[in-house]
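Student:
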Amino acid sequence: MLRVYLSRLLGEHKKKISDVARDTGINRGTLTRMYYEDAERVDLEVLDILCQYFGCSIQDLLEPEQPKAKLS
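Structure (C-alpha cells):
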C-alpha cells in the first residue's frame, strides 16, 4: 500500500480540495479519495499535475507504507 500525503500538502499550501480541483482540472472526487486515502488507483497524469502544482516530488506526495509486524 501507499500513503498519500495530499492532506499535508494542502495544509502546507493553505489550499482546499476545491481550489486544487478548480486550478488543475482534476476531478474533485479523485482528490477527495486521495485526501482520505481511499483511492484504489490514480492516473500517472494526475500525480504529475499535482507534483507540478505543489512544486514537489513524487516522494512528497506518495510513500510506501511499511508492512505491519506480525504477532506470533
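Okay, so the sequence shown: first residue is 1 according to our numbering, each after it adds one. Backbone N, C-alpha and C define an ideal beta-carbon position, used for all residues, glycine too.
#1: Since I believe L6 is in contact with D60 (beta carbons under 8 Å), could you give me their beta-carbon distance rounded to a whole number of angstroms?
#2: Helix, strand or coil for V20, going by three-state DSSP, please let me know.
#3: Quickly, what does DSSP pair R33 with across the bridge? List them, please.
#4: Exposed or buried, M1, counting other C-beta atoms within 10 Å across all chains shown (16 or more means buried)?
#5: Please list the terminal residues of the continuous alpha helix (DSSP H) segment that includes E65.
#6: Which class does R41 belong to by DSSP, given the choice of helix, strand or coil?
#7: Which partner residues of R3 appear in the DSSP bridge assignment?
Tutor: Considering the structure as presented:
#1: About 10 Å separates the two Cβ atoms, so there is no contact after all.
#2: helix
#3: DSSP, once it has assigned bridges, lists no residue as partnering R33.
#4: exposed
#5: Careful: E65 lies outside any alpha helix (DSSP H) and carries neither H nor E.
#6: coil
#7: E63
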